[in-house]
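Inspection log for the structure reproduced underneath, given as structure tokens.
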Amino acid sequence: MSRILAWCTVPLLLLQCLGLDPSMVLGWVTLAMVLVSSFKLLEARRSVEFRLVGLLQLIAVGLLAAQSPGLLASLLQMLSALLALASLLAVDVVGVSRVRVLLLRSLQLMAAALPLALMLFLLLPRIGPLWGSDLGGSARARTGLSPDLDPLGIAELVRTDAPAARLSLGENREPPDDAYWRVLVHSHFDGTRWQRRPSARSERFLDQTLAMSSTAGQQWWTVEPSPSDAVPWDGRSRPTSPGLQLDAHGELRLRQPPAQQRVYRLQELNDSAPWRQQPATATDLELPPGRQPQLEALAATWRTLPNDQARLAAAEDWFRQQPFTYSLQPGVVRSGSLDEFLFQTQVGFCGHYASAFSALMRAAGVPSRVVSGYRGGRLVRPLSGSPYLDIRQSEAHAWSEVWLDGRGWSRVDPTTWVDRVDASARPWSEGAAAAMSAPWWRWMQWQWWGLDLAWTQWWLGWNQVGQQELLQRLLARAGDWTGLIVLLGAGVAGASGLLILRWLQRAPAADPLQRSLFLLASLGAVPAPGETFPQLCRRAASFKPELSGLLDAMAQQQQLLAHARLRRSEQRHHSRLWRQLRGTLARRLKAMR
Numbered sequence: 001m002s003r004i005l006a007w008c009t010v011p012l013l014l015l016q017c018l019g020l021d022p023s024m025v026l027g028w029v030t031l032a033m034v035l036v037s038s039f040k041l042l043e044a045r046r047s048v049e050f051r052l053v054g055l056l057q058l059i060a061v062g063l064l065a066a067q068s069p070g071l072l073a074s075l076l077q078m079l080s081a082l083l084a085l086a087s088l089l090a091v092d093v094v095g096v097s098r099v100r101v102l103l104l105r106s107l108q109l110m111a112a113a114l115p116l117a118l119m120l121f122l123l124l125p126r127i128g129p130l131w132g133s134d135l136g137g138s139a140r141a142r143t144g145l146s147p148d149l150d151p152l153g154i155a156e157l158v159r160t161d162a163p164a165a166r167l168s169l170g171e172n173r174e175p176p177d178d179a180y181w182r183v184l185v186h187s188h189f190d191g192t193r194w195q196r197r198p199s200a201r202s203e204r205f206l207d208q209t210l211a212m213s214s215t216a217g218q219q220w221w222t223v224e225p226s227p228s229d230a231v232p233w234d235g236r237s238r239p240t241s242p243g244l245q246l247d248a249h250g251e252l253r254l255r256q257p258p259a260q261q262r263v264y265r266l267q268e269l270n271d272s273a274p275w276r277q278q279p280a281t282a283t284d285l286e287l288p289p290g291r292q293p294q295l296e297a298l299a300a301t302w303r304t305l306p307n308d309q310a311r312l313a314a315a316e317d318w319f320r321q322q323p324f325t326y327s328l329q330p331g332v333v334r335s336g337s338l339d340e341f342l343f344q345t346q347v348g349f350c351g352h353y354a355s356a357f358s359a360l361m362r363a364a365g366v367p368s369r370v371v372s373g374y375r376g377g378r379l380v381r382p383l384s385g386s387p388y389l390d391i392r393q394s395e396a397h398a399w400s401e402v403w404l405d406g407r408g409w410s411r412v413d414p415t416t417w418v419d420r421v422d423a424s425a426r427p428w429s430e431g432a433a434a435a436m437s438a439p440w441w442r443w444m445q446w447q448w449w450g451l452d453l454a455w456t457q458w459w460l461g462w463n464q465v466g467q468q469e470l471l472q473r474l475l476a477r478a479g480d481w482t483g484l485i486v487l488l489g490a491g492v493a494g495a496s497g498l499l500i501l502r503w504l505q506r507a508p509a510a511d512p513l514q515r516s517l518f519l520l521a522s523l524g525a526v527p528a529p530g531e532t533f534p535q536l537c538r539r540a541a542s543f544k545p546e547l548s549g550l551l552d553a554m555a556q557q558q559q560l561l562a563h564a565r566l567r568r569s570e571q572r573h574h575s576r577l578w579r580q581l582r583g584t585l586a587r588r589l590k591a592m593r
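Residue numbers (our numbering): 1 to 593.
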């Protein structure tokens, strides 16, 4: 039986390994452990070998839980742990070979460990993961974000509906579905490609102790694994989760790129975002000379305008007058020059327009840069919680920011000035994939996403801040007794687990035969070693002859239930007769007292 249960665990573990990130070493370690346990199971003959297989499978479940915290993955992990534990019990528990009994005992052990596991989850310090692919480098790219933005080298942009992030505001507030979620800031321009600052790691970070409204709302973000350390945000809030830092360019960054799903919390501010007032530098005006002569000539005509606001308005008018077309299949700009895009092809996607506009502004003497992130999202209203915004990689977007005196860094989206849209750039929701999804299926999908979001936020969102808030509430008046209280809590959790295990494995006092023996013992007929139930009934009848008929009937029913091969309907019938006879005996004994 241990071999069968272990083999049932193997496909579940392999299925979960398929969802691991192949760029992570821990994922390969997990897969190797699953394969080793499978090969060992092929040759296992002794009990010690089956124990080793079961332990390897349990360790693999733990490694999978550290890498895949989603709801579906967690359910598969619990099922895998249940089967692996049952395979161990099949080795060590003598006389038990029924799968149902082994699974029930595994559930009992897991329930007994639950209090201690919950206490460790709540109180143990939360540490980051111990263990992210670039979208560039090909003429055929996918929608998403990359540290380098080179739209001129992309012939076709393929939409991908992979999840990027989910945003919930709580308190039944609906997040905006047409907002800009900034992620990366590209300040360095070499004439073709926009890049993040080379000094991003040594960047100055802003003071985050800002004035907040007493009724400031909370934002809960759940982001998918990414090769970048920058994460999406609204550009106005303050990070309250540990490990997040806001730099002077408006990037919200983690200490390291998220190798797994990450949950963080932001708090909305009343004040304007401080990064917007960080003055422009010489880098924000850099433009390689002579690379785009037509672009520079056009921008030179705007330099005579009185201020930057007038130059911005002139650029908008020029873009609106040109026959630009938005398309995801613009073709490669062979010359690698923005002049060819602006004055010849005039076909591109958001990266083309943000890049060209920012270069024009720099040539006109207006500090500018390119920002990439996401725009909009799909509003989901699950029954399991508050509405949230589902943001997909297909909603990746690029726009510009310009420095204006008196206003600071201001967002400008030149893509919105383009009226003509190619068929390849239809919104994803209007594509064939959405047309094929029935309303009921979409509704079911939204409910599952809502449950998954709630689970992920609870599982991953429990961090140092949550622990500190919990301990402050529990130990506010504890003083120097904190250590003792923690030890006492551990003891209570352990004792609770033992009590649960004892209750689940309690003696079968509720067994019908056991209750019948108690009734006979009240007549003075205590079971002797080796005595059968019919013999015990005959001895009890010698004490109470008026009950002999009833006791004989009980003995016959017990023998039928214990030894006869009965169909299910016959078994139910005789069990009902047995209960009726036992009830009659109990009532007559009570009346005789």
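Glycine included, every Cβ here is placed at the ideal spot set by N, Cα and C.
Taking residue i and residue j to be in contact with their CB atoms under 8 Å, please state how far apart those CB atoms are, rounded to whole angstroms.
i    : j    : result
A314 : L305 : 6 Å
L254 : L389 : With 8 Å as the limit, L254 and L389 do not qualify as a contact, their Cβ atoms being about 20 Å apart.
V53  : A6   : 5 Å
A398 : V421 : Rounded, the Cβ-Cβ distance is 16 Å, inconsistent with contact.
L295 : L244 : Contact flag wrong, Cβ pair sits at about 38 Å.
L577 : Q557 : 6 Å
P392 : A162 : Strictly speaking, residue 392 in this sequence is Arg, with Pro absent from that position. Sure, about 7 Å apart at Cβ, within 8 Å.
Q195 : P147 : 7 Å
L12  : L71  : The Cβ separation is near 16 Å, so there is no contact.
Of the residues the options, which one's Cα is nearest the Cα of residue i?
i    : options                : result
S368 : L360, V402, L167, V263 : V402
S355 : L328, T192, R375       : T192
L58  : S37, E316, L75, L72    : S37
L551 : P529, R579, R565, D148 : R579
E43  : G19, L82, R3           : R3
W221 : R196, V183, D190, T325 : V183
V332 : T345, Q322, F324, Y326 : T345
G406 : Q278, L287, P288, P258 : Q278
P258 : M24, P545, F543        : M24
S241 : G235, D413, L266       : L266
A363 : P414, T301, A396, R582 : T301
Out of curiosity, what's the CA-to-CA distance linking residue i and residue j?
i    : j    : result
L210 : R238 : With a pLDDT of 44 at L210, under the threshold of 50, the modelled position of this residue cannot be trusted; read the value that follows with caution. Those two C-alpha atoms are separated by around 8 Å.
E268 : G217 : 5 Å
A586 : L560 : 21 Å
G351 : A66  : 36 Å
V61  : L89  : 17 Å
P225 : L145 : 12 Å
M1   : S87  : 7 Å
G373 : P387 : 22 Å
K40  : L85  : 17 Å
W448 : Q16  : 18 Å
D247 : W275 : 7 Å
V263 : N307 : 43 Å
S272 : W233 : 15 Å
L130 : L120 : Because L130 carries a pLDDT of 41, less than 50, the predicted location of this residue cannot be relied on, and the following value inherits that uncertainty. Their backbone Cα atoms lie some 19 Å apart in a straight line.
A521 : Q571 : 27 Å
L328 : I154 : 9 Å
D190 : P288 : 6 Å
A540 : A525 : 5 Å
M554 : H563 : 14 Å
Q322 : L342 : 9 Å
A113 : L451 : 25 Å
G290 : E340 : 14 Å
L519 : G583 : 10 Å
Look at the Cβ atom of residue i, then the Cβ atom of residue j, and state whether they are nearer than 8 Å.
i    : j    : result
A179 : V223 : no
P151 : F349 : yes
P69  : Q261 : yes
R303 : G377 : no
E251 : A282 : no
R51  : V10  : no
S400 : F357 : yes
T160 : S394 : yes
C8   : L83  : yes
L338 : Q309 : no
L536 : P527 : yes
L35  : G27  : no
State yes or no: is the beta carbon of residue i nearer than 8 Å to at least one beta carbon in chain C?
i   : result
S47 : Absent here is chain C; the protein component of the structure consists of one chain.
Extract the residue ranges of the beta strand (DSSP E) inside the segment 223-249, only unbroken runs of 3 or more that lie entirely within it. 244-246
What ranges does the alpha helix (DSSP H) occupy inside the segment 61-99, keeping only unbroken runs of at least 4 residues that lie completely in it? 71-92
Completely contained alpha helix (DSSP H) runs for the segment 512-573, where each covers 4 or more residues: 512-521, 533-543, 548-563
Of all the beta strand (DSSP E) runs that stay within the bounds of the segment 332-383, which reach a length of 3 or more residues? 368-375, 378-380
To test your reading of the DSSP string, which unbroken beta strand (DSSP E) runs of 3 or more residues are found completely within the segment 255-307? 262-267
Entirely enclosed alpha helix (DSSP H) segments - the segment 10-47, minimum 4 residues: 25-43
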